[in-house]
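So the sequence lines, in the order shown, correspond to chains C and P.
So the number in the numbering used here is just where the residue sits in the first sequence, counting from 1, plus 46.
So the number in the numbering used here is just where the residue sits in the second sequence, counting from 1, plus 26.
Backbone N, C-alpha and C fix where the C-beta goes; we use that ideal spot for every residue, glycine too.
These numbers come from a predicted model, not from an experiment.
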Amino acid sequence: MRKLKGRVMKQQNKIACDILNEIFNVSIGKAADMLSQILHKTIRLRVPNVILLSGKERLSRKNKDSSLKLPDGTLMVSTISFSDALEGKANLVFPADKMHDFIYLCTGEQPVSFPNQSDFTDIDFDIINEIGNIVLNSIIGEMGNSLGITLSYSLPEVQIYNQSIDFSHDIESEECKSVLMLSVSFTIEQTEIKGTIFIDLTSASSEELFHLLSRIEGEFFG
Amino acid sequence: MMKFLLIDDSAFSRKISANYIRKYFPDASIEFASDGEMGIQKFDQTHPDYVIADLLMPKVSGKDMISILKKKNFHNIIVLSADVQKGIRQEIEAMGITAFINKPLSDETMQVLYAKIKGTRYEAAK
Numbered sequence: 047m048r049k050l051k052g053r054v055m056k057q058q059n060k061i062a063c064d065i066l067n068e069i070f071n072v073s074i075g076k077a078a079d080m081l082s083q084i085l086h087k088t089i090r091l092r093v094p095n096v097i098l099l100s101g102k103e104r105l106s107r108k109n110k111d112s113s114l115k116l117p118d119g120t121l122m123v124s125t126i127s128f129s130d131a132l133e134g135k136a137n138l139v140f141p142a143d144k145m146h147d148f149i150y151l152c153t154g155e156q157p158v159s160f161p162n163q164s165d166f167t168d169i170d171f172d173i174i175n176e177i178g179n180i181v182l183n184s185i186i187g188e189m190g191n192s193l194g195i196t197l198s199y200s201l202p203e204v205q206i207y208n209q210s211i212d213f214s215h216d217i218e219s220e221e222c223k224s225v226l227m228l229s230v231s232f233t234i235e236q237t238e239i240k241g242t243i244f245i246d247l248t249s250a251s252s253e254e255l256f257h258l259l260s261r262i263e264g265e266f267f268g
Numbered sequence: 027m028m029k030f031l032l033i034d035d036s037a038f039s040r041k042i043s044a045n046y047i048r049k050y051f052p053d054a055s056i057e058f059a060s061d062g063e064m065g066i067q068k069f070d071q072t073h074p075d076y077v078i079a080d081l082l083m084p085k086v087s088g089k090d091m092i093s094i095l096k097k098k099n100f101h102n103i104i105v106l107s108a109d110v111q112k113g114i115r116q117e118i119e120a121m122g123i124t125a126f127i128n129k130p131l132s133d134e135t136m137q138v139l140y141a142k143i144k145g146t147r148y149e150a151a152k
């Protein structure tokens, strides 16, 4: 009986991921279009790979599954919290050393030279904050539109984590939370920037998300 | 001369938006504010023809600022937001604003805005 329940859960999770994958494909495409308008450059994007994990699954799989590993080194993390119909936090995570190239693409101005690749000016932070805001709003907002819900946002913020382990510790501090992971890759001219989007959800919101997704599934598959 | 007041907490976003406003309204003057509270102060000081404002801002949010401006009987408000949610757009549009535009400003959206402000169809040759 437990095995059967587990199989049904797995199947539900697969369908949920399939629907989310489609929703995020659309929203990442829109985010790329927005970035393209800012940079006046064509942006190629790689289709995101969506993984939905409970807090416990994330902890147990993180050392075995390479797709769950964060890039090594310093990370730049842009975060926006959301509440109302769903409650959680969306994090856009990129390796900090790539962000200097990205900021240069945004401003067209040679970046200030720092001895350390993880040093940034206030202007750099402002740019990443605004880009993060636009990308995360597109992803979370389009998810809300597809699910027929409205969310409220906090002010976006950007933080530097000196080691990926610090960020992992930060997002894993509450075991009960579920997480949606999207691997994204933007290629702007010759520069490829690989990142990960973590959408942390409270347990109640995770259940609500499944409920909303099953409603969509019902509408499409009867 | 047309006067704009551009309110956004991101300096980067203010720069992008100001460049587009200057491109389409070369004779216009632009005042800047970095949050809703400063926006209201600048509004009282400069009496702009149009306010272009973000929604998600510190101190006083864009939505609260719109309510305050509406109470001052000012309606020429253009919202420029990263928020793509239909529910939010409907809620803000119901407050009686001129336009709700998603970030970033682009030639496409500026042409729509230009036509709204001028009350005419945009001429592609501009």
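Put simply, the CB of residue 82 of chain P is near chain C, with a gap under 9 Å to one of its CB atoms. Pairing residue 248 of chain C with residue 193 of chain C, the inter-Cα distance amounts to about 17 Å. Contact annotation, residue 51 of chain P with residue 28 of chain P: C-beta distance approximately 6 Å; criterion of less than 8 Å satisfied. In its chain, beyond the 5 residues on either side, 32 and 40 have a beta carbon closer than 7 Å to the beta carbon of residue 58 of chain P.
Here residue 235 of chain C carries a coil assignment [DSSP, helix/strand/coil].
Residue nearest to residue 129 of chain C within the set C:95, C:263, C:265 and C:246 is C:246 (criterion: CA-CA distance). Under the Cβ criterion of 9 Å, residue 238 of chain C is not counted among the residues facing chain P. Close to residue 132 of chain P, with beta-carbon spacing below 7 Å, are these residues of chain C in chain order: 83. For residue 117 of chain P against residue 86 of chain P, the beta-carbon gap comes to about 17 Å, at or over 8 Å, which does not count as contact. Interface annotation for the region 100-114 of chain P against chain C: 107, 108, 109, 110, 111, 112, 113 and 114, criterion Cβ-Cβ distance under 9 Å. For residue 96 of chain C, same chain residues with a beta-carbon under 8 Å away, outside a window of 5 residues either side, are 63, 66, 67, 70, 226, 227 and 228 in chain order. Residue 205 of chain C: member of the beta strand (DSSP E) spanning 203-207, first to last residue. With a beta-carbon spacing of about 22 Å, residue 93 of chain P and residue 129 of chain P fall beyond the 8 Å limit used to define contacts. Of all residues in the region 33-67 of chain P, those with a C-beta nearer than 7 Å to a C-beta of chain C are 36, 37, 38, 39 and 42, reading in chain order. For residue 59 of chain C, same chain residues with a beta-carbon under 8 Å away, outside a window of 5 residues either side, are 98 in chain order. Judged by DSSP in its simplified three-state form, residue 134 of chain C adopts strand. Interface flag for residue 129 of chain P against chain C is set, since a Cβ pair is found closer than 9 Å.
Linking residue 140 of chain P to residue 103 of chain P through their CA atoms gives a straight-line distance of about 14 Å.
For residue 229 of chain C, the three-state secondary structure derived from DSSP is strand.
For the pair of segments examined, the region 196-209 of chain C was found to touch the region 116-130 of chain C: the number of CB pairs separated by less than 8 Å reaches three.
Of all residues in the region 142-171 of chain C, only 152, 153, 168 and 169 place a beta-carbon less than 9 Å from a beta-carbon of chain P. In summary, residue 78 of chain C is buried, with 16 or more beta-carbon neighbours lying within 10 Å of its beta-carbon over all protein chains present. In the three-state DSSP reduction, residue 78 of chain P falls in the strand class (E or B). Annotated three-state conformation of residue 110 of chain P is coil, per DSSP. DSSP places residue 175 of chain C outside any beta strand (DSSP E); the residue lies instead in the alpha helix (DSSP H), whose first and last residues are 168-193.
Burial is judged here by how many other beta carbons sit within 10 angstroms of a residue's own beta carbon; residue 188 of chain C has at least 16 and is buried. Here the alpha carbons of residue 139 of chain C and residue 80 of chain C stand approximately 18 Å from one another.
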